[in-house]
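So the structure is just underneath, and the comments pick up after that.
There are 2 protein chains.
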Amino acid sequence: MAADKKILIADDEADILEILQFNLAKEGYKVETAMNGAEALEKAEKFLPDLIILDIMMPYYNGLEVCNILRSKSTFQQTIIILLTAISNDQTQIQGLETGADDYISKPVAPKVLVSKVNSLFRRMQKDAKDVISAGTIEIDREKYEVKHNGEIITLARKEFELLALLASRPGKVFLRNEILNQIWGTDVIVGDRTIDVHIRKIRQKLNMDSITTVKGVGYKFEA
Amino acid sequence: MAADKKILIADDEADILEILQFNLAKEGYKVETAMNGAEALEKAEKFLPDLIILDIMMPYYNGLEVCNILRSKSTFQQTIIILLTAISNDQTQIQGLETGADDYISKPVAPKVLVSKVNSLFRRMQKDAKDVISAGTIEIDREKYEVKHNGEIITLARKEFELLALLASRPGKVFLRNEILNQIWGTDVIVGDRTIDVHIRKIRQKLNMDSITTVKGVGYKFEA
DNA sequence: CTGGTGCTTAACAATTTGATAATATATAAC
DNA sequence: GTTATATATTATCAAATTGTTAAGCACCAG
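Residue numbers (the working numbering), protein chains in the order written: chain A, 130 to 353; chain B, 130 to 353.
Written as structure tokens, this is what we have:
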């Protein structure tokens with residue numbers, strides 16, 4: 130379940146660090162630790178965690194500062210950040226949320242609470258995350274206009290991209306030629322019969338795999 | 130969590146309105162509703178929502194029109210706008226972005242999807258307001274109007290700066306040409322086709338690196 | 001008034017894309 | 001197995017898109 134997600138914990142109290150580390154590691158997460166703000170920043174850069182837990186009260190950059198610095202870097206825009214606060218003071222909590230933290234937990238921390246919060250944050254972020262279609266070894270990101278095959282970026286021209294995105298939007302479904310024409314070329318543009326074939330061919334060529342199946346007399350479908 | 134953010138929903142179907150309203154209110158948002166375009170405009174002025182959800186197909190000004198009108202007023206420049214579209218047609222989606230919408234959701238809408246999209250948009254917008262963006266070796270300071278590349282200060286003219294800041298606000302995302310025009314030149318100014326290219330060229334020249342990628346037929350994107 | 005800067009445009013070059021035609025191959029029907 | 005039909009493949013060309021350069025205008029500081 131935890132699928133080797135990486136977590137960085139920063140707290141200046143060694144015993145708390147240990148308890149949290151133990152409990153999260155038990156869940157299957159890969160955990161690194163830091164004892165102050167500066168170290169947290171350093172390790173974050175190297176370790177590239179998916180989630181970071183920051184104690185607010187730490188030497189050399191406190192938790193809020195670290196959070197701020199991280200959030201200003203594009204690398205950490207998507208990283209989940211949880212703040213640990215000793216005081217359940219409203220001010221601090223609000224400040225934390227303004228800083229861009231995703232959640233906060235007030236000390237003392239019950240390990241069970243932390244673990245379940247971490248799990249649920251991962252679940253939530255996954256849903257929220259992004260507008261990408263992923264099917265098998267292929268990932269299609271509409272926003273970035275980018276297709277990845279086994280992690281490798283493949284450059285598709287506009288029509289090719291749209292065609293693939295359309296087919297992949299519903300894996301398994303057979304798209305009639307007319308359906309494809311309407312969706313991608315619109316109803317007022319008229320193109321010859323072979324045009325679709327040619328684009329399909331180019332996609333197959335570039336993806337270098339047979340993920341697009343021809344259903345003769347009907348249309349095409351995408352499958353992982 | 131939702132910190133009394135205000136949301137306005139406009140749709141002519143009463144039941145959809147009710148479902149969405151219920152789900153968003155449950156999350157802690159303050160929700161108002163409108164059943165047509167004219168009413169949406171009216172309520173927007175009074176209620177001053179932080180986020181507006183517009184069905185595209187509505188009587189008395191459709192969603193696209195309402196979006197256009199709102200965006201032309203300075204009051205609503207910062208307001209988040211989501212379009213609801215019945216058709217998953219690319220054309221409509223692209224038109225929506227060109228009109229200045231921040232996102233679109235295709236019907237039928239799963240309440241959970243909407244809620245998480247709303248949450249993530251609020252989070253994203255919060256980040257975008259950041260004064261300092263840093264991506265890779267580049268640092269952009271909105272307040273000082275200053276760009277640093279490897280610590281070295283690079284002087285960009287205003288339009289150049291704004292263009293770079295826009296692209297860098299979401300590394301990886303492809304900005305359509307019209308999206309760029311709306312964001313930087315506004316909806317009422319009309320400039321020639323090559324203007325964007327020329328500015329892009331100057332930025333590339335001054336930064337002396339290929340961090341801005343052309344996606345032919347679509348737009349430009351910034352990458353670290 | 002003058003020189004400099006920023007913004008836009010026009011004109012042209014360079015590039016990429018998408019569509020088509022022509023031909024080959026595959027598939028289903030008979 | 002042959003024929004008719006649908007799709008695959010390939011090369012080619014026109015159209016669309018972007019890159020580049022230089023020039024013109026507006027504006028501001030000195």
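Here a beta-carbon is modelled for each residue, glycine too, at the ideal position from N, C-alpha and C. All values reported here derive from a predicted model rather than from experimental measurement.
Under three-state DSSP, which class holds residue i?
{"i": "B/Lys-350", "result": "strand"}
{"i": "B/Ile-136", "result": "strand"}
{"i": "B/Ile-148", "result": "helix"}
{"i": "A/Ile-185", "result": "coil"}
{"i": "B/Asp-270", "result": "strand"}
{"i": "A/Thr-208", "result": "coil"}
{"i": "A/Glu-308", "result": "helix"}
{"i": "B/Asp-322", "result": "coil"}
{"i": "A/Val-276", "result": "strand"}
{"i": "B/Leu-213", "result": "strand"}
{"i": "A/Lys-345", "result": "coil"}
{"i": "A/Leu-193", "result": "helix"}
{"i": "A/Lys-175", "result": "helix"}
Identify the contact partners of residue i in chain A, using a Cβ-Cβ distance below 9 Å as the criterion.
{"i": "B/Val-347", "result": "Tyr-274, Arg-287, Phe-290"}
{"i": "B/Ala-353", "result": "Ser-203, Thr-204"}
How should residue i be labelled, buried or exposed, when 16 other C-beta atoms within 10 angstroms of its C-beta is the threshold for buried?
{"i": "B/Leu-177", "result": "exposed"}
{"i": "B/Leu-183", "result": "buried"}
{"i": "A/Asp-140", "result": "buried"}
{"i": "B/Pro-300", "result": "buried"}
{"i": "B/Ser-201", "result": "exposed"}
{"i": "B/Gly-229", "result": "buried"}
{"i": "B/Ile-319", "result": "exposed"}
{"i": "B/Thr-214", "result": "buried"}
{"i": "B/Ala-169", "result": "buried"}
{"i": "A/Met-187", "result": "buried"}
{"i": "B/Ser-340", "result": "buried"}
{"i": "A/Val-327", "result": "exposed"}
{"i": "B/Tyr-190", "result": "buried"}
{"i": "A/Asp-280", "result": "A small correction: the amino acid at residue 280 of chain A is Gly; Asp does not occupy that position in the sequence shown. A/Gly-280 is exposed by the Cβ-count criterion."}
Compare the C-beta of residue i against all C-beta atoms of chain A and say whether one is closer than 8 Å.
{"i": "B/Ile-313", "result": "no"}
{"i": "B/Ala-131", "result": "Note on B/Ala-131: pLDDT 48, under 50, position unreliable in the model; the coordinate value appears next. So, not an interface residue."}
{"i": "B/Pro-300", "result": "yes"}
{"i": "B/Ile-136", "result": "no"}
{"i": "B/Lys-155", "result": "no"}
{"i": "B/Val-344", "result": "yes"}
{"i": "B/Val-195", "result": "no"}
{"i": "B/Val-303", "result": "yes"}
{"i": "B/Lys-172", "result": "no"}
Which one of the options has the shortest CA to CA distance from residue i?
{"i": "A/Thr-343", "options": "A/Gly-315, A/Val-320, A/Arg-306, A/Leu-310", "result": "A/Arg-306"}
{"i": "B/Asp-179", "options": "B/Lys-134, B/Asp-322, B/Glu-352", "result": "B/Lys-134"}
{"i": "B/Met-254", "options": "B/Gln-207, B/Val-160, B/Ser-201", "result": "B/Gln-207"}
{"i": "B/Glu-272", "options": "B/Thr-266, B/Asn-279, B/Val-261", "result": "B/Val-261"}
{"i": "A/Val-247", "options": "A/Glu-281, A/Val-276, A/Ile-269, A/Leu-212", "result": "A/Leu-212"}
{"i": "A/Leu-336", "options": "A/Ser-249, A/Thr-266, A/Leu-295", "result": "A/Thr-266"}
{"i": "A/Ile-269", "options": "A/Glu-147, A/Thr-162, A/Ala-353", "result": "A/Ala-353"}
{"i": "A/Leu-295", "options": "A/Gln-312, A/Val-242, A/Lys-159, A/Ile-136", "result": "A/Gln-312"}
{"i": "A/Asp-322", "options": "A/Glu-174, A/Ala-239, A/Leu-310, A/Leu-285", "result": "A/Leu-310"}
{"i": "B/Val-195", "options": "B/Glu-156, B/Ile-138, B/Ile-148", "result": "B/Ile-138"}
{"i": "B/Asp-144", "options": "B/Ser-249, B/Asn-279, B/Lys-345, B/Val-238", "result": "B/Val-238"}
{"i": "B/Lys-172", "options": "B/Ile-136, B/Phe-290, B/Ile-234", "result": "B/Ile-136"}
For residue i, return the contacting residues in chain A, with the cut-off set at a CB-CB distance below 8 Å.
{"i": "B/Ile-262", "result": "Ser-201, Ser-203"}
{"i": "B/Lys-350", "result": "Lys-273, Tyr-274"}
Closer than 7 Å: is that where the CB of residue i sits relative to any heavy atom of the ligand ADP?
{"i": "B/Lys-155", "result": "Absent from the structure shown: the ligand ADP. Ligands present: none."}
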